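Visitor:
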Amino acid sequence: MSEKNLSRRDFLRLTSLAGMGLTLSQAAPFSAFANNLEINAGHKPVCYFDAFACIGPRKYKHPAEPWKLSELISEMEHCSVSGALVSYTMSTYYDAMYSNLELSNMLKPYPHLFAVWNVMPGLTSEFPPPEELGRKMQAHHVRAVSLHPATNGWNWKAPYQQDILRWLNENQVLTIIQLSEFGNWQDLEELLTQYPQLPILLTSVYWDSQRNLIPMMENHSNLHCTFDNLQNMYGIEYMYGKGLVNQMIFGTNSPTMSAGAHRTFIDYAEIPEDARAKIAGGNLIRLLKGQQPPEEYVNKHEDELMTAVRHGRPLPVPIIDMHMHMLHEGLNGAGWSYTMENGGPKGIFALAKRLGYAGGGFMSWNGVVSVNTAAGNITTSQALDVAPPGYWGLANFDPVHYTQDELKKMIPGLYERDQRFIGMKPYHYIGVSYDDPSWEQWWKYGNDHHFYALLHSQSGNMAEYETLAARYKNVRWLIAHAGQSYDYADKVIAVIKKFPNIYAEITLTAVPCGIIDYLVAGAGENRVLYGSDLPMRDPRPQLGWVVFSRSSVATKRRILGENAMQVIKPCIDRLPKYNRPVIHYK
Ligand SMILES: [Zn+2]
990 MSEKNLSRRD FLRLTSLAGM GLTLSQAAPF SAFANNLEIN AGHKPVCYFD AFACIGPRKY
1050 KHPAEPWKLS ELISEMEHCS VSGALVSYTM STYYDAMYSN LELSNMLKPY PHLFAVWNVM
1110 PGLTSEFPPP EELGRKMQAH HVRAVSLHPA TNGWNWKAPY QQDILRWLNE NQVLTIIQLS
1170 EFGNWQDLEE LLTQYPQLPI LLTSVYWDSQ RNLIPMMENH SNLHCTFDNL QNMYGIEYMY
1230 GKGLVNQMIF GTNSPTMSAG AHRTFIDYAE IPEDARAKIA GGNLIRLLKG QQPPEEYVNK
1290 HEDELMTAVR HGRPLPVPII DMHMHMLHEG LNGAGWSYTM ENGGPKGIFA LAKRLGYAGG
1350 GFMSWNGVVS VNTAAGNITT SQALDVAPPG YWGLANFDPV HYTQDELKKM IPGLYERDQR
1410 FIGMKPYHYI GVSYDDPSWE QWWKYGNDHH FYALLHSQSG NMAEYETLAA RYKNVRWLIA
1470 HAGQSYDYAD KVIAVIKKFP NIYAEITLTA VPCGIIDYLV AGAGENRVLY GSDLPMRDPR
1530 PQLGWVVFSR SSVATKRRIL GENAMQVIKP CIDRLPKYNR PVIHYK
């Protein structure tokens, strides 16, 4: 099927509705399209105040991983973030009060940075009781604290340990926590029920916790969250729609994570401007009882890509996404613990259009993570039927659920029947190492047809890639999630230097700050590829990670689109014209 089956008008109407964050059953009439166009014209940038920055030494740190105050300030300036709440690793890993005071001292010259103190019960001679702590906090203008009962070894459930919690609750002090410090979701439920006045900010929640987190926020108005790891598909729009706007907070975990990644999620959110301002900083100022950065800071040297993001406009360069999944139309979830709002073709292509996608390669979710490989190819093929121009498919096969004889028919069968497939996407859940002979006939077929493969390594070592790249030279082997950590990037760089047919696809929730530039410096600007893993993750933070890297515009263009064109070039003639992305610059 092609565009004939879905008129352009229908397509635009459907995608614009999905783009508004509505499911079809809630869909408004055609007028929503006009709203969408208006939003696409951009908006005035809002002032960002980061609720979750953390500096200081940490164990097992990679030498290239940023950790200093100066690196935080540099990242904030680069990404036009006007202020931040800053915590300090030593407040948890060394004497708390000594390090809290050290932090306040360090931040004194910076009126836009505010210390977060790590606090604990005053039951040992090392930490003051609540009233004395309160006086010290006031003297140092500290209005937010963190609690680490697990790491600091105290039992928050014991009644005699709870003076500190009662005091924070009475004084409504913003309390920043991570779930693992308090136990599980049921423990957090207890904490919220017991202390309903305590404004809690939960950081570091992953996108796969939405079924716990979002109903909990609906039931406890004192629970707030950041989106540092909560990069959920249409997450901002969905939670806004649930009435949670006053509980949604911009927080970056910078300089460990990219601040630009996190602001991009909010910059591109399709929500009213007052809601964007609340999430970017307004809610935090309210929780800090008026404490705020003295002025709005804008990076005057930003490039046109960064400007486009800050104004919510599509990027002025074409984007090709090399790592996308697809659910069936109408689905908002994918089994396991995964919620993926609007994760079918309508939702995905609407968002892609809004960001400036020129196309990309996608595979199913059910054929990959749900390990239903044959069914996955049908999902992909059906999504291609309704895809806008520029998109192609990656097939799923596996040698565990199917015999070698079956695969011998299935592999050529699919690729011959459907020319829109040019990629190979096996998965490590199959449990067979990619260089095992049982995969061979697929690699051989791909090699004969000059396909490419996207591989998520199960072992973390590069031996599989090395074996395959040497043996199947016509295949471009893409290492998925190459930007996950500096340690991993080192391995990827080493193997890319050895083989001309290995590439780095970046995506992962961690969005380490500086790692895009690190991969470019090590592997070369022609070997790094943008991918988002949508709809498992929302693509916006992943896109912002590249846009707010320190690379030149020319390098960003390569990562975002031109390198992908090189990867598909050897098999592009096979693709129907409709499915070939067109790269041109405005
Ligand atoms: Zn994936």
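So the sequence shown is numbered by our numbering: it starts at 990 and just counts up by one.
The C-beta atom is built at its ideal place from N, Cα and C for all residues, glycine as well.
Being a predicted model, the structure only gives us computed values, none of them experimental.
1) When you compare only the Cα positions, how much space is there between R1409 and D1310?
2) Whether or not the region 1305–1321 and the region 1340–1350 are in contact is what I'm after, with contact meaning three or more pairs of Cβ atoms, one per stretch, closer than 8 Å; do they touch?
3) Applying the 10 Å Cβ sphere with the 16-neighbour rule, what's the burial state of V1571?
4) Cβ-heavy atom distance between D950 and ligand 1 below 7 Å?
5) Need the endpoints of the beta strand (DSSP E) that E1494 sits in, please.
6) Can you check DSSP and say which residues form a bridge with M1451?
7) For ligand 1, I want to know if M1086 counts as a neighbour, meaning its beta carbon is within less than 7 Å of at least one of the ligand's heavy atoms.
8) Unbroken alpha helix (DSSP H) runs of length 4 or more, entirely within the region 1075–1151: which are they?
9) In the DSSP assignment, find the unbroken alpha helix (DSSP H) run with R1200 in it and report its ends.
10) Within the continuous beta strand (DSSP E) that includes G1350, where are the two ends?
11) Is it right to say G1279 is buried, meaning 16 or more other beta carbons lie within 10 angstroms of its own, or is it exposed?
12) Have a look at the DSSP bridge pairing and note the partners of Y1441.
13) Using 10 angstroms around the beta-carbon of V1287, count the other beta-carbons present and answer buried if the total reaches 16, otherwise exposed.
14) Count the other C-beta atoms from every protein chain shown that fall within 10 angstroms of the C-beta of Y1416, then say buried if there are 16 or more, exposed otherwise.
15) A1250 lies in the alpha helix (DSSP H); which residues open and close that run?
16) Is the region 1540–1547 close to the region 1199–1218, with three or more CB pairs under 8 Å?
17) Counting along the chain, where does the alpha helix (DSSP H) carrying I1504 start and finish?
18) Using a Cβ-Cβ cut-off of 8 Å (strictly less than) and excluding sequence neighbours within five positions of L1344, which residues of its own chain qualify?
19) What's the gap between the Cα of I1482 and the Cα of Y1195?
20) For H1417, verify whether its CB is less than 7 Å away from any heavy atom of ligand 1.
21) Can you give me the start and stop residues for the beta strand (DSSP E) that A1042 sits inside?
22) Please name the residue or residues paired with V1517 in a DSSP beta bridge.
23) Among the residues of its own chain, which have a CB less than 6 Å from the CB of Y1434, if the five just before and after it don't count?
24) Look at the alpha carbon of P1046 and the alpha carbon of A1073, and state the distance between them as a whole number of angstroms.
25) In whole angstroms, what separates the C-alpha of E1054 from that of D1039?
26) What's the gap between the Cα of A1250 and the Cα of R1539?
27) Assign L1564 to one of three DSSP states: helix, strand, or coil.
28) Relative to the alpha-carbon of P1565, which residue among R1132, N1450, P1377 has its alpha-carbon at the smallest distance?
Guide: With the structure as the only source:
1) Within the sequence shown, numbered from 1, the residue matching residue 1409 stands at position 420. Within the sequence shown, numbered from 1, the residue matching residue 1310 stands at position 321. Straight-line Cα distance between these residues: approximately 16 Å.
2) The region 1340–1350 makes contact with the region 1305–1321, as at least three CB pairs between them are under 8 Å.
3) In the sequence shown, the residue the question calls residue 1571 occupies position 582. It counts as exposed.
4) Residue 950 cannot be examined here, being either before or after the span of the chain that is shown, 990 to 1575.
5) Residue numbering aside, residue 1494 sits at position 505 when the sequence shown is read from its first letter. Annotation for E1494: the continuous beta strand (DSSP E) segment containing it runs 1491–1494.
6) Your numbering for residue 1451 matches position 462 in the sequence shown. DSSP lists no partner for M1451.
7) Here residue 1086 refers to the residue found at position 97 of the sequence shown. Taking the Cβ of M1086 as the reference point, every heavy atom of ligand 1 lies at 7 Å or farther away.
8) Taken in chain order, the complete alpha helix (DSSP H) segments of 4 or more residues contained in the region 1075–1151 are 1079–1082, 1085–1096, 1119–1128, 1138–1141.
9) The residue labelled residue 1200 in the question sits at position 211 within the sequence shown. For R1200, the enclosing alpha helix (DSSP H) begins and ends at 1199–1208.
10) For the purposes of this step, residue 1350 is taken as the residue at position 361 of the sequence shown. Boundaries of the beta strand (DSSP E) harbouring G1350: 1346–1351, taken from the DSSP string.
11) To locate residue 1279, count along the sequence shown from 1; it is residue 290. Burial is judged here by how many other beta carbons sit within 10 angstroms of a residue's own beta carbon; G1279 has fewer than 16 and is exposed.
12) Your numbering for residue 1441 matches position 452 in the sequence shown. DSSP lists G1412, R1465 as partners of Y1441.
13) The residue given as residue 1287 occupies position 298 in the sequence shown. By the neighbour-count criterion, in which a residue is buried when 16 or more other Cβ atoms sit within 10 angstroms of its Cβ, V1287 is exposed.
14) In the sequence shown, counting from the first residue as 1, residue 1416 sits at position 427. So Y1416 counts as buried.
15) Numbered from 1 along the sequence shown, position 261 holds the residue referred to as residue 1250. Element bounds for A1250: 1248–1256.
16) Segments in contact, no.
17) Reading the sequence shown from its first residue, position 515 is the one you call residue 1504. 1504–1512 is the span of the alpha helix (DSSP H), which, as asked, contains I1504.
18) Along the sequence shown, read from residue 1 onward, the residue named residue 1344 stands at position 355. For L1344, where only same-chain residues beyond five positions count, the Cβ hits under 8 Å are Y1257, P1303, L1304, I1308, P1528, R1529, L1532.
19) By 1-based counting over the sequence shown, the position of residue 1482 is 493. By 1-based counting over the sequence shown, the position of residue 1195 is 206. Distance between the alpha carbons of I1482 and Y1195 is about 28 Å.
20) If you number the sequence shown from 1, residue 1417 lands on position 428. Distances between the C-beta of H1417 and the heavy atoms of ligand 1 are all 7 Å or more.
21) Start at 1 with the first residue of the sequence shown, and residue 1042 comes out as number 53. First-last of the beta strand (DSSP E) with A1042: 1038–1044.
22) For the purposes of this step, residue 1517 is taken as residue 528 along the sequence shown, with counting starting at 1. According to DSSP, which records beta bridges pairwise, V1517 is partnered with A1493.
23) If you number the sequence shown from 1, residue 1434 lands on position 445. Answer for Y1434: I1400, listed in chain order.
24) Stepping through the sequence shown from its first residue, residue 1046 is reached at position 57. Stepping through the sequence shown from its first residue, residue 1073 is reached at position 84. Computed Cα separation, rounded: 19 Å.
25) In the sequence shown, counting from the first residue as 1, residue 1054 sits at position 65. In the sequence shown, counting from the first residue as 1, residue 1039 sits at position 50. For E1054 and D1039, the gap between their C-alpha atoms comes out near 20 Å.
26) On the sequence shown, position 261 is the one that residue 1250 refers to. On the sequence shown, position 550 is the one that residue 1539 refers to. Just so you know, the alpha carbons of A1250 and R1539 end up roughly 13 Å apart.
27) The sequence position of residue 1564 within the sequence shown is 575, counting from 1. In this structure, L1564 counts as coil in the three-state DSSP scheme.
28) The count along the sequence shown starts at 1 and reaches residue 1565 at position 576. Taking the Cα of P1565 as reference, the smallest distance to any Cα among R1132, N1450, P1377 is reached at P1377.
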